[in-house]
Structures are given as structure tokens and as C-alpha cells.
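430 is the number that full-length UniProt numbering gives the last residue of the sequence shown; the numbers go up by one with no jumps. In what follows, a structure is listed as C-alpha cells, so that the remarks can point back to it.
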Amino acid sequence: MKKAFYHCDIFTLDQEKIIKDGMIITEDEKIAYIGKMEEERLQDCEETYNWSGKWVMPGLVNSHVHIVMNILRGVGDDMLLHPWLTEKIWPLEAKFTTDLAITSSKAAIVEMMKSGTTLFNDMYNPIGLDVFKLYEAVKDTGMKGNLAYTLFSNDKGDKAIAKEAHDIAQHIKKDRSLIRTTVAPHSPYSCSEELLRSSVSIAKELDLPLHIHVSETEKEMNDCLREHETTPVQYLAELDFYEQPTIFAHGVVLTDEDVALLNEKGTSIAHNPISNLKLGSGVADISRLNSAGVNVAIATDSVASNNNLDMFEEMRTAALLQKGTHKTPEAMPAYSMLKMATLNGAKALGYEDTGVLKEGYKADFISIDPRDKIHLQPLENASSHLLYAASGKDVSDSVINGNVVMENRVLLTLDEERIIYDLNYYYKTL
């Protein structure tokens with residue numbers, strides 16, 4: 001099926017190319033044409049969308065999130081990371097049922113869709129859950145992303161945990177839907193050496209990326225130096241962790257040797273500035289990472305530590321933090337940050353045909369209607385507004401793999417009202 005989206009200004013993020021009064025024609029899940037408006041092209045399209053005056057850009061990529069945790073928004077505010085996890089989050093997650101987890105995940109997907117995210121990279125705690133049922137529910141939403149069983153060393157035993165993670169990863173990979181997976185050990189401090197090595201083995205066998213929290217706090221760095229006499233980044237190198245593509249969430253505390261190793265191995269960093277600020281973890285020096293050639297993507301982390309999934313807010317915060325900490329407004333210009341939240345994120349997740357708008361790439365894009373929004377004026381400065389003025393609430397439409405999943409802020413694949421009701425019901429059961 002061919003669909004046309006036309007009379008819109010298109011910010012392709014392909015070498016900063018902007019198409020005024022342009023059109024995008026999609027065929028099935030890809031972009032078949034992108035360029036200036038040509039009326040005659042509409043004749044071959046089964047569906048047409050007049051997006052007159054709207055701004056169009058690639059969908060945002062949330063490179064590290066925990067969608068099952070969406071029900072925990074507002075839990076454990078104003079705590080450091082490790083007591084927050086051990087005293088608040090993990091005890092509550094142990095009470096989750098599968099139905100609660102499904103509702104919480106759908107709530108996260110509603111929030112992401114309505115704020116411009118079209119691709120996400122997730123970790124979820126599998127304790128007590130029917131993970132196959134959870135996967136099927138997420139798959140049915142029309143969202144695109146990675147859903148990954150998080151490995152922790154616990155009383156179940158490392159071999160049993162590794163087998164469960166292997167089986168669900170194998171199932172998802174065979175299914176070939178919009179939802180993919182990674183192998184996702186939680187962190188070097190919550191997994192034994194055996195479980196970390198098993199994670200590498202699973203990733204190599206199934207040819208999947210590895211996704212893990214790394215070097216998030218000074219405590220983590222100091223504990224690793226004391227226990228292993230090396231940094232978390234270098235400890236994972238000793239376990240052959242870099243033999244598969246790797247996504248490291250956070251990377252707040254890194255030595256120069258760590259940065260050089262990340263660049264050498266092609267590892268991506270998922271930068272979570274607001275979560276890191278709220279948990280008092282610090283500010284990752286992504287300017288240094290960029291200069292060293294490390295691929296940096298943008299992420300929100302969970303709503304329990306953020307407290308929302310608005311990638312526009314995340315981008316703006318990330319850019320301003322770099323300008324402030326480096327004391328130069330030249331740090332992180334608008335185009336560089338927008339690229340981190342789109343193309344760099346897609347690259348980190350292994351989606352080579354996503355993140356910019358050009359022919360042959362996947363049809364993942366969003367629109368913003370600026371005409372009645374005073375904070376997005378004057379219209380001529382749209383390139384600036386996309387980073388420094390817009391928010392997720394400004395997103396009007398969303399297209400994922402060529403499917404329109406939101407039209408004029410109305411979701412077409414999810415019952416938002418029912419999800420809100422169910423989420424509050426399940427919260428009272430915790």
C-alpha cells in the first residue's frame with residue numbers, strides 16, 4: 001500500500017537537509033519518495049494525509065528504558081541509585097503480576113508514542129512474569145523496539161536464569177515482528193562473572209547485541225576497582241563482552257582508558273541525563289565521548305527515575321548540560337543533539353535503515369503542528385525550536401514502519417483511557 005504525507009516541511013536529518021512544502025510517499029514499511037510536493041504523485045496512493053504546515057522529522061529513538069516500570073512513577077523520589085533499587089524498586093517489582101506488567105508496559109508505549117518515540121530499547125525484570133505473554137502484548141501495540149529479559153544473579157541460580165533468557169531471546173528473534181531483543185544482564189555489580197559470561201555466550205549464539213548498565217555512579221566504579229582491580233568497562237573486556245555489538249546505559253564515570261576502549265570496540269553509550277541528575281549520579285561527559293568517536297545515543301531511563309519518557313525534554317537537557325559543564329555554548333549544537341536522538345540511537349540498536357528520512361529507509365517519522373503554538377514561533381526558526389522549544393506534547397502524528405499509529409494526537413492502536421484506569425487499579429494492589 002502507498003501512502004502520501006504532503007504539504008509539510010521535512011527535517012530529514014540527512015546532512016541537515018530541509019525540504020519546504022515537501023511530501024513523503026511510503027510503500028509498505030519504507031519511504032518510496034521524499035522531496036518537493038508533486039500533485040501527480042498522489043494519484044497512485046491509496047491513502048493521503050494533507051499535513052499542511054506541519055513539521056516532519058524522524059521518529060525519536062529511546063535507547064534505554066524500562067517500560068514495565070511505568071507503574072512506579074513517583075516511587076522512591078530523592079534517593080541515591082543503590083538504596084533506591086534495593087529498598088524501593090526491586091521489592092515492588094517482585095510483586096508484579098503478568099497482567100500488571102502488561103498494563104504498565106502499554107502505559108509506557110502510550111507515553112512514548114504520544115511524545116514522538118518510534119523505537120525503544122528496553123530491559124524488564126522477569127521475576128514472576130509470563131514473559132511470552134508480555135511479549136505478545138507489546139508486539140500488538142504497533143510500537144517498534146527491543147524488549148529484553150534482564151538477567152540478575154539470584155536464588156534461582158545462574159544456569160536457570162541464563163536458560164530462561166536464552167529461550168525468550170530465541171523466541172523473539174524467530175518471530176521477526178516489530179519487536180526485537182537483546183541479551184541484557186543488568187550490570188556488572190548485580191551479575192556474577194558466570195552469568196556475565198553466559199550472557200556473552202547467548203549473544204554470540206543468537207547473534208544479538210548486549211545491553212547493560214555500566215559505570216553509572218562513583219560507588220559502582222569504586223566497588224569494581226576494589227573487587228576486580230579494574231574499571232567496569234575494562235572488567236567486561238576481560239569477559240569478552242565486546243565480541244558482540246554492545247550498548248552501555250549511562251557511562252557517567254569513565255576513565256580516559258575506558259573511553260579509548262569504547263571507541264576501539266564500537267560500543268554505544270545510551271545517555272540518560274535526567275535520570276542521572278535525579279539520582280545524583282552525575283553528568284556524563286558526552287562531549288568527550290563524541291570527540292573520541294564513541295557513538296552516543298539519548299535515553300530517558302524509566303519513569304521511576306525520570307519521571308517521564310519525553311525525549312524532547314531529554315535532548316534539551318542533554319544539550320544544555322554539556323554547554324554548562326564545558327562553559328561553551330558551542331558544545332552540542334542542535335543538529336548534533338537531534339542526530340543523537342535519532343540516527344545515533346538507531347545505530348546503537350542495530351537498525352541500519354532508520355534514523356534519517358530518505359528513500360529506502362524505514363518509514364518512521366513524526367509530525368508537529370506549530371501553527372497554534374506560541375512557543376514554536378516564529379515559524380522560520382523551526383530548526384532551533386525542535387531542540388530548544390518543543391516538547392513531546394507538541395507531537396501531532398506518528399508513523400511507524402509505514403503504519404499511522406497516532407493521528408492528530410489520537411492513538412489508533414491502544415485504548416489510552418482503559419490503560420489509565422487499569423494502571424491505577426493495579427497500583428493499589430502493590
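Where is the CB? At the ideal position from N, CA and C, for every residue including glycine.
Chain-order list of residues whose beta-carbon lies under 7 Å from that of residue i (same chain, five-residue window excluded)
{"i": "residue 350", "result": "209, 245"}
{"i": "residue 279", "result": "80, 81, 84, 305"}
{"i": "residue 396", "result": "54, 367, 368, 369, 408, 409"}
{"i": "residue 92", "result": "72, 75, 430"}
{"i": "residue 29", "result": "362, 363, 401, 402"}
{"i": "residue 113", "result": "143, 398, 405, 406, 411"}
{"i": "residue 290", "result": "296"}
{"i": "residue 195", "result": "151, 153, 158, 161, 162, 185"}
{"i": "residue 316", "result": "387, 388"}
{"i": "residue 44", "result": "2"}
{"i": "residue 276", "result": "250, 252, 282, 283, 284"}
{"i": "residue 380", "result": "none"}
{"i": "residue 371", "result": "53"}
Other residues of its chain near residue i: CB distance less than 8 Å, five sequence neighbours each side excluded
{"i": "residue 224", "result": "188, 189, 230, 231, 232, 235"}
{"i": "residue 105", "result": "67, 68, 70, 124, 134, 137, 138"}
{"i": "residue 19", "result": "9, 10, 12, 34, 35, 36"}
{"i": "residue 202", "result": "162, 165, 166, 169, 183, 208"}
{"i": "residue 221", "result": "215, 231, 232, 253"}
{"i": "residue 442", "result": "The structure shown does not extend to residue 442, since the chain is modelled only from 1 to 430, so the question has no answer here."}
{"i": "residue 89", "result": "69, 72, 75, 76, 304"}
{"i": "residue 318", "result": "271, 273, 286, 298, 332, 337, 340"}
{"i": "residue 329", "result": "323"}
Buried versus exposed, by CB contacts within 10 Å (16 or more), residue i
{"i": "residue 410", "result": "exposed"}
{"i": "residue 347", "result": "buried"}
{"i": "residue 135", "result": "buried"}
{"i": "residue 412", "result": "exposed"}
{"i": "residue 302", "result": "buried"}
{"i": "residue 215", "result": "buried"}
{"i": "residue 155", "result": "exposed"}
{"i": "residue 1", "result": "exposed"}
{"i": "residue 374", "result": "exposed"}
{"i": "residue 241", "result": "buried"}
{"i": "residue 251", "result": "buried"}
{"i": "residue 420", "result": "exposed"}
{"i": "residue 6", "result": "buried"}
{"i": "residue 171", "result": "exposed"}
{"i": "residue 176", "result": "exposed"}
{"i": "residue 386", "result": "buried"}
{"i": "residue 285", "result": "buried"}
{"i": "residue 310", "result": "buried"}
{"i": "residue 50", "result": "exposed"}
{"i": "residue 58", "result": "buried"}
{"i": "residue 15", "result": "exposed"}
{"i": "residue 344", "result": "buried"}
{"i": "residue 22", "result": "buried"}
{"i": "residue 243", "result": "exposed"}
Whole-Å CB distance - residue i paired with residue j, under 8 Å assumed
{"i": "residue 66", "j": "residue 123", "result": "6 Å"}
{"i": "residue 96", "j": "residue 147", "result": "Residue 96 to residue 147, Cβ: 15 Å. No contact."}
{"i": "residue 169", "j": "residue 206", "result": "6 Å"}
{"i": "residue 259", "j": "residue 217", "result": "Residue 259 to residue 217, Cβ: 17 Å. No contact."}
{"i": "residue 394", "j": "residue 376", "result": "7 Å"}
{"i": "residue 431", "j": "residue 268", "result": "This structure leaves residue 431 out entirely; the chain is present only between 1 and 430."}
{"i": "residue 433", "j": "residue 414", "result": "The structure shown has nothing for residue 433, since the chain only spans 1 to 430."}
{"i": "residue 274", "j": "residue 340", "result": "Rounded, the Cβ-Cβ distance is 15 Å, inconsistent with contact."}
{"i": "residue 110", "j": "residue 355", "result": "Residue 110 to residue 355, Cβ: 23 Å. No contact."}
{"i": "residue 127", "j": "residue 101", "result": "Rounded, the Cβ-Cβ distance is 10 Å, inconsistent with contact."}
{"i": "residue 300", "j": "residue 272", "result": "7 Å"}
{"i": "residue 287", "j": "residue 331", "result": "5 Å"}
{"i": "residue 338", "j": "residue 31", "result": "With 8 Å as the limit, residue 338 and residue 31 do not qualify as a contact, their Cβ atoms being about 18 Å apart."}
Residues that DSSP places opposite residue i in a beta bridge
{"i": "residue 180", "result": "146"}
{"i": "residue 22", "result": "8, 36"}
{"i": "residue 49", "result": "5"}
{"i": "residue 30", "result": "27, 362"}
{"i": "residue 211", "result": "247"}
{"i": "residue 124", "result": "149"}
{"i": "residue 221", "result": "Answer is none; residue 221 lacks a bridge partner."}
{"i": "residue 269", "result": "248, 296"}
{"i": "residue 403", "result": "400"}
Sequence-distant residues of the same chain with beta carbon closer than 6 Å to residue i, five excluded per side
{"i": "residue 312", "result": "390, 391, 392"}
{"i": "residue 182", "result": "146, 148, 208, 209, 211"}
Short CB-CB distance (under 9 Å) between residue i and chain D
{"i": "residue 242", "result": "This model lacks chain D altogether, as it is built from one protein chain only."}
Any non-hydrogen atom of the ligand COA closer than 8 Å to residue i Cβ
{"i": "residue 92", "result": "In terms of ligand content, the structure shown is empty, and the ligand COA therefore cannot be addressed."}
Could you tell me which whole beta strand (DSSP E) segments of length 3 or greater appear in the region 53 to 87? The region 53 to 87 contains these whole beta strand (DSSP E) runs: 55 to 58, 60 to 65.
In chain order, each beta strand (DSSP E) run of at least 3 residues that lies wholly inside the region 141 to 177: Entirely contained in the region 141 to 177, the beta strand (DSSP E) runs reaching 3 residues are, in chain order, 144 to 146.
Where are the beta strand (DSSP E) runs, 3 residues long or more, that stay fully inside the region 279 to 323, in chain order? At a cut-off of 3 residues, the continuous stretches assigned as beta strand (DSSP E) that sit fully inside the region 279 to 323 are 295 to 298.
Can you list, in chain order, the stretches of the alpha helix (DSSP H) that have 4 or more residues and sit fully within the region 311 to 388? Counting only runs of 4 or more, we get 311 to 326, 334 to 339, 345 to 349, 382 to 388.
Ignoring anything shorter than 4 residues or poking outside the region 94 to 119, list the alpha helix (DSSP H) runs there in chain order. Runs of the alpha helix (DSSP H) lying entirely within the region 94 to 119 and spanning at least 4 residues, in chain order: 98 to 114.
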